[in-house]
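Novice: Under the UniProt record's numbering, the first residue of the sequence shown is numbered 1, with each subsequent residue one higher.
Glycine is no exception: its CB is placed at the ideal position from the N, C-alpha and C atoms.
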Amino acid sequence: MIQETLTQEKTWQGTAVSSGVAHAVVHVLKEDFDEPDADPISADEVENELARWHTAMDATHREIEELKEMVSTEERSAEADIFDTHLLILEDVSIRKYVEKTVREKLICVDAVYYRLMCKHMDALRGLADSYLRERFLDIKDITHRVMRHLRGELLQHPMFEDPVIIVAHDLTPSDTVQLDRSKVLGFAIETGSGNSHAAIIARSLGLPAVVRLHGITEELHSGDPILLDGNEGALILNPTPATLSKYRSREQLAEKREDALHETRHEPSITTDGVVIQVCANAEFVEEMGDIRDSGAANVGLFRTEFLYLEDPEGTEDWLAENYTRAVRIMTPGQVIFRTLDIGGDKVDDQLASEAEPNPFLGWRGIRVSLGMREMFKRQLRALLRAAAHGPIGIMFPMVSDVGEVRAAKELLAECASELSAEGYPAPMQVDIGAMIEIPSAALTADLIAAEVDFFSLGTNDLVQYTLAVDRLNERVADLYSPTHPAVLRLIALTVEAARRAGIRVCICGEMAADVEVLPLLIGLGLDELSVSTGQIARVKHAIRKLNASECRSIIDACRHLGCPKQILGMSRTMAQELYPDLFE
Numbered sequence: 001m002i003q004e005t006l007t008q009e010k011t012w013q014g015t016a017v018s019s020g021v022a023h024a025v026v027h028v029l030k031e032d033f034d035e036p037d038a039d040p041i042s043a044d045e046v047e048n049e050l051a052r053w054h055t056a057m058d059a060t061h062r063e064i065e066e067l068k069e070m071v072s073t074e075e076r077s078a079e080a081d082i083f084d085t086h087l088l089i090l091e092d093v094s095i096r097k098y099v100e101k102t103v104r105e106k107l108i109c110v111d112a113v114y115y116r117l118m119c120k121h122m123d124a125l126r127g128l129a130d131s132y133l134r135e136r137f138l139d140i141k142d143i144t145h146r147v148m149r150h151l152r153g154e155l156l157q158h159p160m161f162e163d164p165v166i167i168v169a170h171d172l173t174p175s176d177t178v179q180l181d182r183s184k185v186l187g188f189a190i191e192t193g194s195g196n197s198h199a200a201i202i203a204r205s206l207g208l209p210a211v212v213r214l215h216g217i218t219e220e221l222h223s224g225d226p227i228l229l230d231g232n233e234g235a236l237i238l239n240p241t242p243a244t245l246s247k248y249r250s251r252e253q254l255a256e257k258r259e260d261a262l263h264e265t266r267h268e269p270s271i272t273t274d275g276v277v278i279q280v281c282a283n284a285e286f287v288e289e290m291g292d293i294r295d296s297g298a299a300n301v302g303l304f305r306t307e308f309l310y311l312e313d314p315e316g317t318e319d320w321l322a323e324n325y326t327r328a329v330r331i332m333t334p335g336q337v338i339f340r341t342l343d344i345g346g347d348k349v350d351d352q353l354a355s356e357a358e359p360n361p362f363l364g365w366r367g368i369r370v371s372l373g374m375r376e377m378f379k380r381q382l383r384a385l386l387r388a389a390a391h392g393p394i395g396i397m398f399p400m401v402s403d404v405g406e407v408r409a410a411k412e413l414l415a416e417c418a419s420e421l422s423a424e425g426y427p428a429p430m431q432v433d434i435g436a437m438i439e440i441p442s443a444a445l446t447a448d449l450i451a452a453e454v455d456f457f458s459l460g461t462n463d464l465v466q467y468t469l470a471v472d473r474l475n476e477r478v479a480d481l482y483s484p485t486h487p488a489v490l491r492l493i494a495l496t497v498e499a500a501r502r503a504g505i506r507v508c509i510c511g512e513m514a515a516d517v518e519v520l521p522l523l524i525g526l527g528l529d530e531l532s533v534s535t536g537q538i539a540r541v542k543h544a545i546r547k548l549n550a551s552e553c554r555s556i557i558d559a560c561r562h563l564g565c566p567k568q569i570l571g572m573s574r575t576m577a578q579e580l581y582p583d584l585f586e
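(1) Which same chain residues, not among the five before or five after Gly193, have their C-beta less than 6 Å away from its C-beta?
(2) Where does the unbroken beta strand (DSSP E) through His27 begin, and where does it stop?
(3) Would you tell me roughly how many angstroms separate the C-alpha atoms of Val401 and Leu309, rounded to the nearest one?
(4) Can you name the start and end residues of the beta strand (DSSP E) that Asp230 belongs to?
(5) Any heavy atom of the ligand SAM closer than 7 Å to the Cβ of Leu90?
(6) Report all residues from its chain with a CB closer than 6 Å to the CB of Pro582; omit the five preceding and five following residues, and keep chain order.
(7) Could you tell me which residues DSSP pairs with Trp53 in its beta bridges?
(8) Where does Gln578 fall in DSSP's three states?
(9) What does the alpha-carbon distance come out to for the pair Cys119 and Pro36?
(10) Report yes if the C-beta distance between Leu492 and Ile509 is below 8 Å; otherwise report no.
(11) Rounded to the nearest angstrom, what separates Gly395 and Gln336 at their Cα positions?
(12) Compute the distance between the beta-carbons of Ile338 and Gly291, then report whether it is under 8 Å.
(13) Please report the distance separating the alpha-carbon of Thr341 from that of Trp320.
(14) So, with DSSP's three-state summary, where would you put Met290?
(15) Take Ser18 and list the residues in its own chain whose beta-carbon comes closer than 7 Å to its own, dropping the five residues that flank it on each side.
(16) Using the beta-carbon count (16 or more within 10 Å), is Leu88 buried or exposed?
(17) If contacts are defined as beta-carbon pairs under 8 Å, then Ala235 and Gln13 qualify, I think. What distance do you get, rounded to the angstrom?
(18) Would you call Thr468 buried or exposed, if buried means 16 or more other Cβ atoms sit within 10 Å of its Cβ?
(19) Which stretch, first to last residue, makes up the beta strand (DSSP E) that contains Thr15?
(20) Given a cut-off of 8 Å, decide if Val541 and Ala515 are closer than it, judged by their beta-carbon atoms.
(21) For Asp351, which residues from the same chain have a beta carbon less than 7 Å from its beta carbon, with the 5 sequence-adjacent residues on both sides left out?
(22) With DSSP as the reference, identify every bridge partner of Val212, one or two as the case may be.
(23) Does the separation of the CB atoms of Val407 and Val471 fall below 8 Å?
(24) Using DSSP bridges, identify the partner residues of Phe398.
(25) Hey, quick one: how far does the beta strand (DSSP E) through Ile41 stretch, first residue to last?
(26) Using C-beta distances below 8 Å, list every residue in its chain close to Met122, excluding the 5 sequence neighbours before and after it, in chain order.
(27) Quick one: give me the first and last residue of the alpha helix (DSSP H) that Ser422 is part of.
(28) What separation, rounded to the nearest whole angstrom, lies between the Cα atoms of Leu29 and Ala169?
(29) Under 8 Å, do Ile217 and Glu233 count as touching if we go by C-beta distance?
(30) Return yes when the Cβ of Asp529 is within less than 8 Å of the Cβ of residue 631, no when it is not.
(31) Quick check: the segment 403-419 against the segment 444-463, are at least 3 beta-carbon pairs closer than 8 Å?
(32) Distance, Cα to Cα, Leu490 vs His562?
(33) When you compare the CB positions of Glu518 and Ser555, do they come within less than 8 Å of one another, or not?
(34) Please work out which residues of its chain come closer than 6 Å, Cβ to Cβ, to Gly511, disregarding the five sequence neighbours upstream and downstream, and give them in chain order.
(35) Consult DSSP for Lys184 and reduce its assignment to one of helix, strand or coil.
(36) Taking the C-alpha atoms as reference points, what is the distance between Lys427 and Ala322?
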């Protein structure tokens, strides 16, 4: 009876944000550890307790050596040095002697003794002004967490999973994603967030199922628990029964047939029934995605988010950046890769840049503001991008632009970099288009001024909606107010498109709105030239475009101009979509 209770199927309902189904064991990413209880042990248990700790320390040592070897082979000596420091901390004789002495004399479990000692070391270094000592605090924290995970028998936070897993976390940051072994991750189950949070965006980019708003799930589940994650219905099922698995296998087979049919048409042009060509491009975070993008039917890479490379190695040299950018360009040539310059800030926090907390980071130092404020770092990236452009056509677009002055300042620095590279004998770029991200209302309202300085616009609707409606897309309390079909948002998009038309430049949309086939009639009606979506959505979006008539889509926009309700506008667009491509809603 007890065993039946332990393995009983249990279901949690959240919000589906990325479609698909995954069945695997859980890997829980916890933000921090609760202090372990100081459980008493008997004298007879001392040797076993210390042996358990020595095993955890040895396992941590092996893991760090593997990490050091991995980064050393990639010629990233700075990271190898970090792991040398970790090994020194791990092997500290005074720490080992204190733990053994305290466990023997006080007869307290080793978890509590070790954790409390390491916390004392961390407390002594926390918040010090000296940057070197602050880094030692982070080193000790990393080591402590690794050892504690081994003591608790949990899988480690580091990505080197032996078997496929489903990540369960309170939230998933871009930094977390960089560290994960994406080849072993089958899905994400997140306590917080919304359809526009980074966890959702990353999941869709990688083609993985994801469910958010699973409150308290990190306390309910433990690493190693078997679960089934339903990214279509928003369900998480612990200990799924054979009957449940069979039901999902049948559904999955039908879904695979539909996807296979779409996949066969992925290279067909995306032209509306009345002959309007809409380019469908791909969003990318990692160089490793380029091969899949080439095979996906994407015309180009409409958005390459460079901050993920930055988070992987914030101290990455110009040569290292140029090598990675060049790899992406070479794979996509003759197609173009549009690189967004570093977009750090807001919810993409870098501890090295954020020396002090901002009261409202979304309205603070982020995007192009950071780049222009850190001139040498920005030049390193621009030089690397120009070097990559010698191997194929690229675009460089600047994020979070608020006025034309920022674009001019960035272009001046780019021209300076181009002159330096030419003088140093580097080959000239093949083609470099300059673009501005339109994701702040002030940029949309002055799009006519910005258009004179650039070759294209790219609408970042995730932030445009957020800033227009004063809705934090990561805040669950107001997430329901986040509405891409709000008339204010649509009017700002229309202003941007009109400014682009008058200037003779193209306009793309690279936010999550571009992949929503329910609102696709609105986007085509507004006159977008290009849509950039995650790789897994390309065939679906191209299929939908081929069913739509641009003239009829414009009539939807005309009918919506005087509507004040976002739900009414969405309803009109959804009705057209469901009538013309019902297969995408099955």
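Specialist: Reading it off the structure:
(1) Ala199, Val212
(2) 21-29
(3) 21 Å
(4) Run containing Asp230: 226-230, per the beta strand (DSSP E) assignment.
(5) You won't find the ligand SAM in this model; it holds no ligand whatsoever.
(6) none
(7) According to DSSP, Trp53 bridges with nothing at all.
(8) helix
(9) 12 Å
(10) No.
(11) 7 Å
(12) Not in contact: Ile338 and Gly291 (Cβ atoms no closer than 8 Å).
(13) Going by the C-alpha atoms only, they are around 16 Å apart.
(14) Under the three-state reduction of DSSP, Met290 is assigned to helix.
(15) Ala200, Ala203, Arg204, Leu208, Pro209, Ala210, Gly231
(16) exposed
(17) 6 Å
(18) buried
(19) Annotation for Thr15: the continuous beta strand (DSSP E) segment containing it runs 15-18.
(20) yes
(21) In this predicted model, Asp351 has a pLDDT of only 45, less than 50, meaning its place in the structure is not dependable; the value taken from the coordinates is given anyway. The answer is none, since no qualifying residue turns up.
(22) Thr15
(23) Contact: no.
(24) DSSP, once it has assigned bridges, lists Ala436 as partnering Phe398.
(25) Per DSSP, Ile41 belongs to no beta strand (DSSP E) and is neither H nor E.
(26) Phe137, Ile140, Lys141, Thr144
(27) 404-423
(28) 5 Å
(29) no
(30) Nothing can be reported for residue 631: it is not among the residues displayed for the chain, which extend from 1 to 586.
(31) A contact exists between the segment 444-463 and the segment 403-419.
(32) 12 Å
(33) In this structure, Ser555 does not lie closer than 8 Å to Glu518 by Cβ.
(34) Gly460, Thr461, Asn462
(35) coil
(36) Here residue 427 is Pro; the residue named in the question, Lys, does not match the sequence. The alpha-carbon atoms of Pro427 and Ala322 are separated by roughly 13 Å.
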